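S.K.:
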Amino acid sequence: MAKKVLVIEDDKDIRDTVVYVLEEEGYEVVQSDNARILRTLTTINPDLILLDNWLTDWSSDANGQQLSKSIKDNPATSHIPVIIISAVSNIKEIAKAGNADGYLAKPFDLTSLSEIVKKHIK
1 MAKKVLVIED DKDIRDTVVY VLEEEGYEVV QSDNARILRT LTTINPDLIL LDNWLTDWSS
61 DANGQQLSKS IKDNPATSHI PVIIISAVSN IKEIAKAGNA DGYLAKPFDL TSLSEIVKKH
121 IK
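At position 35 of the sequence shown (counting the first as 1) the number is 35 in UniProt numbering, and the numbers step up by one without a gap.
#1: Distance, Cα to Cα, residue 17 vs residue 5?
#2: On the criterion of 16 or more Cβ atoms from any shown chain inside 10 Å, does residue 52 qualify as buried, or is it exposed?
#3: Please tell me whether residue 19 and residue 31 are closer than 7 Å, where the distance is taken between their beta carbons.
#4: Closest by CA to residue 125, which one among 41, 88, 14?
#5: Please classify residue 5: does DSSP put it in a helix, a strand, or coil?
#6: Can you look up residue 16 in the DSSP assignment and give me helix, strand or coil?
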């Protein structure tokens, strides 16, 4: 059975590229342009979450760091690896503060994407 990756990215071009690459590598991919999909996280039950840090369509002030922290603080979802994706210069600190399992700095090459997914998916 294919491992499932949840991709939350509001930039359509980036999201489409990530989804294409991961599907080509044999992953099942669930995608969203906003974080509302996290309300159904236990139903989706992904093996990994790729989470953009700045989601323009999110209806609250929460960013990827805060969303990651809430996922990691919830016993029902804390086991799911979270990778924060962002172009900010302090992404390492943002990922650490959000208790994320890793980060991917934009712009990223497809090899880096593949490597971080393989590293964190069980």
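Yeah, the Cβ is synthetic: ideal placement off N, Cα and C, and Gly gets one too.
None of the values given here were measured: they were computed from a predicted structure.
M.R.: Reading off the structure:
#1: Each residue's alpha carbon lies about 14 Å from the other.
#2: So residue 52 counts as buried.
#3: Contact: yes.
#4: Residue 125 cannot be examined here, being either before or after the span of the chain that is shown, 1 to 122.
#5: Of the three classes helix, strand and coil, the one that applies to residue 5 here is strand, per DSSP.
#6: Of the three classes helix, strand and coil, the one that applies to residue 16 here is helix, per DSSP.
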